[in-house]
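Reviewing the structure listed below.
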Amino acid sequence: MRRGVEKHRVLVLGGGNGGLSVAGRLRRHGVRDVAVVEPRDQHVFAPLQSHIAGGVARASEAVRPQADVTPRGVTWIRDAAASVDPHARTVQLRSGRKVAYEHLIVSVGLETRYDAVPGLAEAMAEKTGLSSYTFELAAKTSPVLRDFRQGTVVFVQQPEPASAAGVAQKPMYLACDWWRSRGVLDDIRVVFISPEPSAFHIPGVSAELQRKLDEYGIETRFGADLLKADPQRREVEIKRGQETETIGYDLLHAAPPQSPPDWIAESGLADPADPHGFVDVDPETLRSRRFDTVWALGDAAAVDTLRSGGAIRKQAKLLARNLISVINGEALTGHYDGYSVCPITVSRNTVVFAEFDRRGRLAPTIPGWKTLYRERRLAYFFDRRVLPWVYWHLILQGRA
Ligand SMILES: Cc1cc2nc3c(=O)[nH]c(=O)nc-3n(C[C@H](O)[C@H](O)[C@H](O)COP(=O)(O)OP(=O)(O)OC[C@H]3O[C@@H](n4cnc5c(N)ncnc54)[C@H](O)[C@@H]3O)c2cc1C
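Counting in the numbering used here, the sequence shown runs from 1113 upward without gaps.
Set out below in structure tokens:
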């Protein structure tokens, strides 16, 4: 150990979904001296934010103290990484402290950038600005959508890079189902703006979602980007091809633009050709293509598939296996096929559960059940009831 510099065998940056899952897994497989750098003292289960915004979960269900969810035997460093020196194998923390490592795992997620669209941050600060993508905004969204009775509501999905981009649709369907049950849906104009050419990138899943869009009478603007929001006039301006359109709103529910933290690229961990600055890993092994002792998973890694918590379950397993092989001087055997999942709640008791690989082929958890993605009550029960329990008790401990 270098004098005066704290050192860990495995240092994990980020104690969110990916960081804790992989740390827990490494500990369970006997790797000693695993430390996680995480600034927040409350851990948030982001998928529940959609349910909170859509009025089918309480905000308190999505939060637990970081100390309670950090796997036993893992050291929690309550600080934030400011930069990495991959040559010296050290991380500079924001507090000024420096920590050395033998192996580094980066899982710091994506940052939300409401300010990247003119007027959007200001729009979110108004009573009428809503989003499921931030815990506080999700909690604010719930009663506003619940009590809305007539007018125009605009929902916006953002282009990649995004955390499980399609889940921006979840609160929209939940709200429509609620308004329909109150008999007010006909008095509400719902407009869905998405940069994608259709509701989802897999035709079968897209058809299933389009059926729900039609059922609720939701107007769609596919292939559209949000140019700006004007909270004073309560308008958004969007662009489709060469055409711009201004849409007035009473409520605006928007996913924010998202990107990895800048210090990843500034530390030399990204491919300079990557405009977004993800950690440059081999998407099959999750090991850095630049530095043998650097690994990454989750939303901040160049995993070449749709970013999601479901994808992380596979990534954490594989990364831990590969890292242990390297520690033992063995060849890497694990290969990640890009499995990912996007469960879209389409009513207050059904979900379209889309599972696929990086080539866009359906990859149902129950092999052979090719239509598992179709709207189902069973999938809702799994997504809303089973998964949160599995997350808190098994996934974060590296057991699932
Ligand atoms: C609204 C919403 C709904 C979603 N719904 C679903 C769903 O239904 N199904 C699904 O599979 N996925 C869903 N996802 C995606 C899923 O939540 C993410 O893919 C997953 O949380 C990413 O894990 P991660 O470890 O990469 O990042 P995170 O879980 O975001 O964790 C990153 C951690 O890094 C910490 N951090 C940030 N900067 C630093 C730093 N400088 N130093 C140290 N630590 C730092 C953060 O505080 C955070 O704790 C959803 C996401 C959102 C936002």
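C-beta: ideal position from N, C-alpha, C; glycine also.
- Pairwise C-beta distances place the segment 1390-1408 out of contact with the segment 1287-1296, as fewer than three of them are shorter than 8 Å.
- At a Cβ-Cβ threshold of 8 Å, Arg1121 and Asp1145 count as neighbours.
- Burial check for Leu1321: the Cβ neighbour count within 10 Å reaches 16 or more, so the residue is buried.
- Counting other Cβ atoms within 10 Å of its Cβ, Asn1461 stays below 16 and is therefore classed as exposed.
- Contact between the segment 1237-1244 and the segment 1379-1387 is not established, with fewer than three Cβ pairs separated by less than 8 Å.
- By a beta-carbon distance limit of 8 Å, Ser1195 contacts Trp1375. Their separation comes to about 5 Å.
- Around the beta carbon of Pro1307, 16 or more other beta carbons sit within 10 angstroms, so the residue counts as buried.
- Rounded to the nearest whole angstrom, the CA to CA distance from Gly1335 to Ser1310 is 8 Å.
- Taking the Cα positions, Gly1360 is about 44 Å away from Ile1478.
- Sequence-distant partners of Arg1140 (beyond 5 residues in either direction) whose C-beta falls short of 6 Å from its own C-beta, in its chain, are Gly1510.
- Distances between the C-beta of Asp1411 and the heavy atoms of ligand 1 include at least one below 7 Å.
- When DSSP states are grouped into helix, strand and coil, Gly1278 belongs to the helix group.
- When the beta-carbon positions are compared, Val1229 and Ala1367 stay at least 8 Å from each other.
- Set against 7 Å, the gap from the CB of Arg1152 to the closest heavy atom of ligand 1 is smaller.
- Sorting Ala1174, Val1211, His1199, Pro1198 by C-alpha distance to the C-alpha of Arg1190 places Val1211 at the top.
- Considered as a whole, the segment 1349-1380 harbours 1355-1360, 1363-1366 as its complete beta strand (DSSP E) runs of no fewer than 3 residues, in chain order.
- Sixteen is the threshold: since fewer than 16 other Cβ atoms of the shown chains lie within 10 Å of the Cβ of Leu1490, the residue is exposed.
- At least 8 Å separates the beta-carbon of Ala1423 from that of Val1391.
- Spatial neighbours of Lys1429 in its own chain (CB-CB distance under 6 Å, excluding positions within 5 residues in sequence) are not present.
- Assignment of beta strand (DSSP E) within the segment 1411-1485, counting only whole runs of 3 or more residues, yields 1452-1459, 1462-1468 in chain order.
- The count of Cβ pairs closer than 8 Å, one atom from the segment 1152-1172 and one from the segment 1427-1443, stays below three, leaving the stretches out of contact.
- Val1317: member of the alpha helix (DSSP H) spanning 1315-1328, first to last residue.
- Contact between the segment 1468-1475 and the segment 1122-1138 is absent: fewer than 3 CB-CB pairs across the two stretches fall below 8 Å.
- Taking the Cα positions, Ala1174 is about 7 Å away from Gln1161.
- Within a 10 Å sphere around the beta-carbon of Pro1283 sit 16 or more other beta-carbons, which makes this residue buried.
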